[in-house]
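Visitor: For the sequence shown, the positions run -10 to 131 when our numbering is used.
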Amino acid sequence: MFGRSDRDEAGIEPSTQRPSSRDGAPVSLIGEGMTITGNITVDGTLRIEGHLKGNVDATQGVVMGPQAVVEGDIKARDAIIGGRVRGAITTTGRLELHATCDVEGDIDAVRFKMDEGGRVSGKVRIGRAASAQQPRQEAAKT
C-alpha cells in the first residue's frame, strides 16, 4: 500500500528493454502521425508508419506500413514496403513490395517479391549483379 512501486501514474511499468526484431536487432519507430525531416542511419531495423523526408540507411531492415511515406532513398539489408517511396531502394538481401506500395525510383535487390496491385515506376535490377553494381558506380564517381 505505501511501498514503492515501479509503475507510473498510468499504471504502466517502465520497460528497460528496447524493442527488437526476431533476430535480436534493435527496432526504431517513426510512428503514425509523425513527420521527420533529415537523413536517418539505424543500427538495426527501422519501422516507418509516418512520413520521412530524407534518406534511410539501416544495417538490418526497413519496414513500411501502408500509410507510410518516404521522400528519399532507402538502403538496407532487407526491406518490406507497404507505403509510398519517392526515391531509390537498394537492398543487399530481400525486397518485398506489398499490394499497397507506390514506388517512384530505381530498385536494386538481390531477391525480390512484389504483390499484385503494387506500383513501381523506375528501373528494377534483381540478382547478385544488381547489388554488386552499386558500390562500383559510387567508386567511379570519386
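Note that beta-carbon positions come from the ideal geometry of N, C-alpha and C, so glycine has one too.
1) Going residue by residue through the stretch 51 to 115, where are the continuous beta strand (DSSP E) segments of at least 3 residues, counting only ones entirely within it?
2) Quick check: what's the CA-CA separation for E127 versus A77?
3) Which residue's Cα is closest to the Cα of G61: G27, G107 and G22?
4) Within its chain, find whatever has a CB closer than 6 angstroms to the CB of I69; leave out the 5 residues flanking it on each side and keep chain order.
5) Output yes or no for whether 8 angstroms exceeds the beta carbon distance between I29 and G43.
6) Return the chain-ordered list of same chain residues with a C-beta closer than 8 angstroms to the C-beta of P8, the five sequence neighbours on each side being excluded.
7) Along the chain, where does the beta strand (DSSP E) that runs through D46 open and close?
8) In whole angstroms, what is the alpha-carbon distance linking V58 and H40?
9) Would you decide whether R117 is buried or exposed? Buried here means 16 or more other CB atoms lie within 10 Å of its CB.
10) On a CA-only basis, which of T24, G33, T89 and K102 is nearest R83? Give me that one, please.
Guide: On the basis of the coordinates in this document:
1) 63 to 65, 67 to 70, 73 to 75, 78 to 80, 83 to 86, 91 to 93, 96 to 98, 100 to 103, 108 to 110 and 113 to 115
2) Per-residue confidence for E127 stands at a pLDDT of 49, beneath the threshold of 50, marking its modelled position as unreliable; the derived number appears in the next sentence. Straight-line Cα distance between these residues: approximately 14 angstroms.
3) G27
4) V52 and E85
5) yes
6) Here P8 scores only 44 on pLDDT, less than 50, and its place in the model should not be relied on; the value that follows carries that caveat. Closer than 8 angstroms at the Cβ level, and outside the excluded window around P8, lie P15, V16 and L18.
7) V45 to A47
8) 5 angstroms
9) exposed
10) K102
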